[in-house]
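Chemist: Just passing along the structure, written as C-alpha cells.
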Amino acid sequence: LHRIILDCDPGQDDALAILLALASREEIEVLAITTVAGNVPLPLTSRNARQIVELAGRSDVPVHAGCVRPILRPLETAEYVHGKTGLDGAELPEPRLPLTSGHAVDVIVETLLREPAGTVTLCPTGPLTNIALAMIKEPAIVPRIRQIVLMGGAIELGNTTPAAEFNIYVDPHAAAVVFESGAPIVMHGLDVTHKALVTDERLARIGAIGTPVAKACVGLLGFFNRYDRDRYHIPGAPLHDPCVIAWLIRPELFSGKRCRVEIETEGRHTIGRTVVDWWHRIDQPERPANALVVNDIDADGFFDLLTERLARL
Ligand code: BDR
Ligand code: CA
C-alpha cells in the first residue's frame, strides 16, 4: 500500500490524477491533498481540488491550501492550456467541503514526522514550492520520505520554454531544493507523458462508462485536448499527471533509468531546465544519481488502467 500526499495544481490532468488515486483504494491511501499555485492561482487550485474530491464522493479526504507563489520568481500560470478556472470543460458545483485548516507545508511536515519513517510517499504534480519549503522548514523530514514520485521536467524539449517544462519552470528554485535533497525521486517528465495521449478513441472508452464521473472527465479532457493538439500536431493531449499515480499502481507499465538530474536556475534561455545525465557523463561521487527518470510507457495499458479505475467511482 502506498500512503501518499498528493500535492497538486488542478488542472484537468491533476484532476484525473486525483480521481485515479481515489479510485485505487487497494494500492493507494490518500492521506491528504495539498494545493499549490501553478496552472491557475492558489484560490482556484484549492477550489478545484475540492470539487474533484466531492465528484469522487470522497469528502473524507482533507484538502489543505499551500503556497500562493513560487519562492523567487513571479507566478506564471497556464490558463492558455487549462482555461480560466483551471478545470474548464466540466460544469462542477461549487464545493461544499471547506478547506481543512493547516497550511500545506505544515501538513507535509507533520505527516512525515508523525507516520513511521519510510512509509509516506509524496506525489507532486505541480510546481515544487510546498515540498521545498517543507524540506527547508524541517530538514528532519527528508530521510523519512519513502519516495517522491513527481511529474516535471524533460530529458528532451520543454513545453513552456524551448528548454523547460512548466512545473519546473514555474519554480526552479524549489525544484533545485528537492532534487538536491537526497530523497529518492521518480521523475515523470515530458519524455514519458508525451507518449500518453488522450486520443478520441481513448476518450470515447471513458465516455462509454456513462457515470457522472466519466461524463465530467470527458468534458475536462475534451477541453484539455484543444491546446496541445494545435501546438504539437498530435492526436490528443499528453495526460501528464496521472502517470505519477499509475506508476505507483503498475510500475511495470513504465521504464526508465537512474541518473543525475540537476536544475538550471540561472540560464538566460534555459532557466527551469532539468539537466538529465542520461549517459552518466558526470563521474563525481558528490553528484550521484538522484532520480529514476521515466521515459517510456505502455500507453494502452495505462489507459486501460485509467478507464477501469474511473468506472469504480
Ligand atoms: C504539467 O504542467 C501542467 O500544466 C500540468 O498540470 C502538468 O502538471 C505539464 O507540463
Ligand atoms: Ca499539474
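Read the sequence shown against UniProt numbering and you will find it ends at 327, with the numbers running on by one and no gaps. Backbone N, C-alpha and C fix where the C-beta goes; we use that ideal spot for every residue, glycine too. For clarity, every value in this text was computed on a predicted model and none was experimentally measured.
1) At a cut-off of 7 Å, would you count residue 254 as near ligand 1, judging by its Cβ distance to the nearest heavy atom?
2) When every heavy atom of ligand 2 is checked, does at least one fall within less than 7 Å of the C-beta of residue 102?
3) Between the beta-carbon of residue 21 and the beta-carbon of residue 140, is there less than 8 Å?
4) Going by DSSP, name the residue or residues bridged to residue 164.
5) Check whether the Cβ atoms of residue 154 and residue 188 lie closer than 8 Å to each other.
6) Measuring straight from C-alpha to C-alpha, what distance separates residue 66 and residue 137?
7) Between the segment 167-187 and the segment 122-133, do three or more beta carbon pairs fall short of 8 Å?
8) What is the DSSP secondary structure of residue 79, counted as helix, strand or coil?
9) Relative to the alpha-carbon of residue 202, which residue among 93, 16, 58 and 310 has its alpha-carbon at the smallest distance?
10) Taking the C-alpha atoms as reference points, what is the distance between residue 253 and residue 116?
11) When the Cα atoms are used, what is the spatial distance from residue 322 to residue 70?
12) Please go through the segment 24-67 and give each complete alpha helix (DSSP H) segment of 4 or more residues, from N-terminal end onward.
13) If I follow the unbroken alpha helix (DSSP H) through residue 311, where does it start and stop?
14) Look at the alpha carbon of residue 104 and the alpha carbon of residue 132, and state the distance between them as a whole number of angstroms.
15) Under a three-way DSSP split, which group does residue 320 fall into?
16) Let me make sure I understand the geometry here. Which of 191, 184 and 161 has the alpha-carbon closest to that of residue 338?
17) Three or more C-beta pairs closer than 8 Å, one from the segment 284-301 and one from the segment 225-239: is that the case here?
18) When the distance is taken between beta carbons, is residue 92 closer than 8 Å to residue 48?
Modeler: The answer reads as follows:
1) Walking along the sequence shown from the start, residue 254 turns up at place 240. The answer is yes for residue 254.
2) Position 88 of the sequence shown, counted from the first residue, corresponds to residue 102. Incorrect: residue 102 has no Cβ contact closer than 7 Å to ligand 2.
3) Within the sequence shown, residue 21 is the residue found at index 7, counting from 1. Within the sequence shown, residue 140 is the residue found at index 126, counting from 1. A contact, by the Cβ cut-off of 8 Å.
4) Counted from its first residue, the sequence shown places residue 164 at position 150. Looking at the DSSP assignment, residue 164 forms a beta bridge with 201.
5) Stepping through the sequence shown from its first residue, residue 154 is reached at position 140. Stepping through the sequence shown from its first residue, residue 188 is reached at position 174. Contact flag unset, no.
6) In the sequence shown, residue 66 corresponds to position 52, counting from 1. In the sequence shown, residue 137 corresponds to position 123, counting from 1. Roughly 17 Å separates the two Cα atoms.
7) no
8) If you number the sequence shown from 1, residue 79 lands on position 65. Residue 79 falls in the strand class under three-state DSSP.
9) As a position in the sequence shown, residue 202 is number 188, starting the count at 1. Closest option to residue 202, Cα to Cα, is 310.
10) Walking along the sequence shown from the start, residue 253 turns up at place 239. Walking along the sequence shown from the start, residue 116 turns up at place 102. Spanning the two alpha carbons is a distance of roughly 30 Å.
11) For the purposes of this step, residue 322 is taken as residue 308 along the sequence shown, with counting starting at 1. For the purposes of this step, residue 70 is taken as residue 56 along the sequence shown, with counting starting at 1. Using only the alpha carbons, I get a separation of about 15 Å.
12) 26-36
13) Taking the sequence shown and counting its residues from 1, the one referred to as residue 311 is at position 297. Looking at the DSSP string, residue 311 is not in any alpha helix (DSSP H); the run it does join, the beta strand (DSSP E), is 305-311.
14) In the sequence shown, counting from the first residue as 1, residue 104 sits at position 90. In the sequence shown, counting from the first residue as 1, residue 132 sits at position 118. In a straight line, the C-alpha of residue 104 is about 38 Å away from that of residue 132.
15) Position 306 of the sequence shown, counted from the first residue, corresponds to residue 320. Helix, per DSSP.
16) Since the first residue of the chain shown is 15 and the last is 327, residue 338 is not available in this structure.
17) no
18) As a working note, residue 48 is residue 34 in the sequence shown. As a working note, residue 92 is residue 78 in the sequence shown. The answer is no: Cβ separation not under 8 Å.
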